[in-house]
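Quick notes on the structure that follows.
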Amino acid sequence: MKKILLILTLALIALSACRNEDLIDDNSYDNDTDSYDSTVVDLSTYPDWSTATHSNDVAPDFETVFPQNEVMRFDITISSSNYSALYSNLSSEMSSSGSSRPGMMAEDTDYDLLWVPATLTFNETDWYNVGLRFKGNSSLKSAYQSGNGKLSFKLDFDQFEDDYPALKNQRFYGFKQLNLNNNYDDESLMREKVGADLFRQFGLAAANTSFCVVYVDYGSGSQYFGVYTLVEEVDNTVINTQFNDGSGNLYKPDGDAASFAANTFDTDEMEIKTNEDTATYADVRSLYNVLHRTTRTSDTEAWKSELESILDVDNFLKWLAANIVIQNWDTYGNMTHNYYLYNNPVNSLLTWIPWDNNEAFQTGKQSGALSMNLQSVSSSWPLISYLMDIPEYEASYEAYMKQFINEVFIPADMISTYESYYDLLKEYAYAERSGYTYIYSDAYFDSGVSTLKTHVQSRNDAVNNYVD
């Protein structure tokens with residue numbers, strides 16, 4: 002018996018050694034890590050597949066996917082029937098969403114948006130059966146209602162892996178999901194990118210971004226959809242590369258509960274993006290409970306200590322300062338969305354991650370951008386109003402505003418950046434066409450960039466006048 006077992010063992014070892022490193026016939030998966038053995042892909046069916054470009058066996062290639070000094074080109078090919086299905090689904094979702102929260106619907110929670118397979122081509126290389134759907138909140142609704150075809154897309158490179166098992170864990174240079182944001186309501190086409198970049202330069206976690214142009218062929222030839230901003234997905238590479246440990250709970254609050262105001266806590270509005278199977282929501286519930294403890298006024302030091310044991314308060318104040326300076330009004334303090342909370346396993350603190358910056362760098366619409374003194378912020382936004390009642394926190398907030406304009410939001414540097422991006426984008430911005438643009442004329446683009454250049458100086462002056 003031992004001899005037979007030995008012969009079988011040696012035979013298995015020999016078989017393993019004979020595997021061709023580039024191509025084998027069986028579907029082989031690593032069940033321990035859920036990483037895919039890319040050698041199983043049939044190159045006669047998927048000729049562009051390579052380990053570096055398509056597999057889950059490589060680290061995310063930020064240099065290729067998020068270049069800072071070029072405009073990438075993405076070509077999307079989708080069948081006419083699938084494109085029609087996307088619009089049919091969108092129409093149905095718009096009709097069923099009602100008007101109780103106009104412009105405030107969650108991109109993943111309130112809308113049940115359809116995924117369809119598409120081919121993505123980049124640098125003459127194809128990615129196969131990539132999941133594609135529309136995305137957005139008020140931008141999606143506004144574009145749909147106005148008939149603007151320049152919609153935002155979410156890409157998921159292994160969305161259809163069950164239908165195409167040979168493509169299990171397909172990636173785009175190591176990235177599972179990416180966002181093609183349409184620069185809605187932004188004549189400069191830069192605000193989404195610049196906002197995220199400034200947050201990261203200030204030491205905050207935020208998505209990487211790059212500029213790209215998108216062409217879509219949905220059955221009648223390639224159509225130019227215009228300039229987009231490619232945005233990194235938070236629930237994968239942001240937390241895995243910008244934190245020492247990416248295994249914590251990540252939440253994307255949306256709806257009344259996102260305000261953390263009294264009597265609003267609702268786990269249904271605390272969408273959890275990681276660890277879904279083990280979610281108890283204990284951490285975000287604790288934050289809500291601590292915020293509304295009576296000790297906030299009766300024993301302030303005890304309240305601060307408890308708050309600082311669940312929330313990275315310093316991180317929040319740093320974000321708040323930068324956010325107020327750049328006048329990013331479409332987020333906490335005005336809107337109950339556009340941020341993530343990550344429970345960082347290193348310190349067990351909920352950490353603020355900003356999201357969606359296309360409405361930054363302007364005084365705002367609807368409620369308008371918040372004033373620097375934040376006195377207009379009511380208890381409906383306790384993470385601001387309650388913290389600003391504490392002199393120590395208010396002082397940190399003001400110090401961070403000063404630091405932000407001195408070290409990051411510097412007029413000369415920002416104007417140089419804006420001018421560089423203007424030269425980079427001008428050709429593509431001018432090429433945008435009616436029905437697929439938010440610019441409306443070349444002059445709108447020029448004016449949008451000029452406004453950014455005057456904005457940075459005015460905000461620096463405002464901070465200096467306020468803090469000094």
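Position in the sequence shown counted from 1, then plus 1, gives you our numbering.
Where is the CB? At the ideal position from N, CA and C, for every residue including glycine.
Note down, in chain order, each residue of its chain lying with its Cβ closer than 6 angstroms to the Cβ of residue i, except the 5 sequence neighbours on either side.
i, result
"D157", "G132, Q178"
"D159", "N170, Q171"
"H1", "In the structure as shown, the chain starts at 2 and stops at 469, and residue 1 therefore has no counterpart that could be examined."
"I416", "K454"
"T452", "none"
"Y84", "Y219"
Which of the three DSSP states, helix, strand or coil, is assigned to residue i?
i, result
"W320", "helix"
"K155", "strand"
"R172", "coil"
"P61", "coil"
"L426", "helix"
"R294", "coil"
"N180", "strand"
"T265", "coil"
"V409", "coil"
"R74", "strand"
"E233", "strand"
"L44", "coil"
"I385", "helix"
"I273", "strand"
"P68", "coil"
"I449", "The question names Ile, but residue 449 is Gly in the sequence shown. Reduced to three states, the DSSP call for G449 is helix."
"Y88", "helix"
"Y394", "helix"
"Y252", "strand"
"Y282", "coil"
"Y467", "helix"
"Y225", "strand"
"Q458", "helix"
"I240", "helix"
"S51", "coil"
"Y419", "helix"
"E94", "helix"
"Y441", "coil"
"N83", "helix"
Count the other CB atoms within 10 Å of the CB of residue i; is the residue buried (16 or more) or exposed (fewer)?
i, result
"Y129", "buried"
"T279", "exposed"
"R460", "buried"
"P166", "exposed"
"T281", "exposed"
"M256", "Strictly speaking, residue 256 in this sequence is Gly, with Met absent from that position. Under this definition G256 is a buried residue."
"N465", "exposed"
"A144", "buried"
"V450", "buried"
"D469", "exposed"
"D462", "exposed"
"A444", "exposed"
"Q458", "exposed"
"S81", "exposed"
"Q243", "buried"
"L44", "exposed"
Please work out which residues of its chain come closer than 7 angstroms, Cβ to Cβ, to residue i, disregarding the five sequence neighbours upstream and downstream, and give them in chain order.
i, result
"E395", "M389"
"T126", "D49, T54"
"N339", "D331, T332, W356, D357"
"F176", "P61, V66, T238"
"A207", "A197, F200, R201, I354, P355"
"P346", "D246, S248, G249"
"T268", "Y282"
"H293", "A263"
Below 8 angstroms on the Cβ atoms is my guess for residue i versus residue j; work out the distance and round it to an integer in Å.
i, j, result
"I325", "L199", "About 13 angstroms separates the two Cβ atoms, so there is no contact after all."
"Y423", "N184", "About 14 angstroms separates the two Cβ atoms, so there is no contact after all."
"E193", "D187", "7 angstroms"
"L181", "F135", "Wrong, their Cβ atoms sit about 10 angstroms apart, outside the cutoff."
"F1", "T230", "This structure gives no information on residue 1, because the portion of the chain shown stretches from 2 to 469."
"S397", "D315", "7 angstroms"
"D284", "L351", "6 angstroms"
"G1", "G150", "Here the chain covers residues 2 to 469 and nothing more, so residue 1 does not appear."
"L190", "A430", "6 angstroms"
"F76", "Y216", "Sequence check: residue 76 is Asp here, not Phe. 5 angstroms between Cβ atoms; contact."
"L251", "K274", "4 angstroms"
"E433", "V228", "7 angstroms"
"R74", "V232", "Between V232 and R74 the Cβ distance is about 17 angstroms, and since that is not below 8 angstroms, they are no contact."
Can you list, in chain order, the residues of its chain with a C-beta nearer than 8 angstroms to that of residue i? Leave out the 5 residues immediately preceding and following it.
i, result
"N374", "Y467"
"V378", "G334, L371, I385, S386, M389"
"A86", "L115, V117"
"S140", "S153, N183, Y185, D186, N359"
**OP:** Could you tell me which uninterrupted alpha helix (DSSP H) segments, each at least 4 residues in length, are contained entirely in the stretch 188–223, listed from first to last along the chain?
**Re:** If we require 4 residues or more, the alpha helix (DSSP H) runs fully inside the stretch 188–223 come out as 192–202.
**OP:** Only counting runs of 4 or more residues, tell me where the alpha helix (DSSP H) segments fall wholly within the stretch 301–377, in order along the chain.
**Re:** Counting only runs of at least 4 residues, the stretch 301–377 fully encloses the following alpha helix (DSSP H) elements, listed from N- to C-terminal order: 301–308, 314–326.
Subject >> Secondary structure, alpha helix (DSSP H): runs of 4+ residues fully inside the stretch 109–152 >> reply: The qualifying runs are 139–147.
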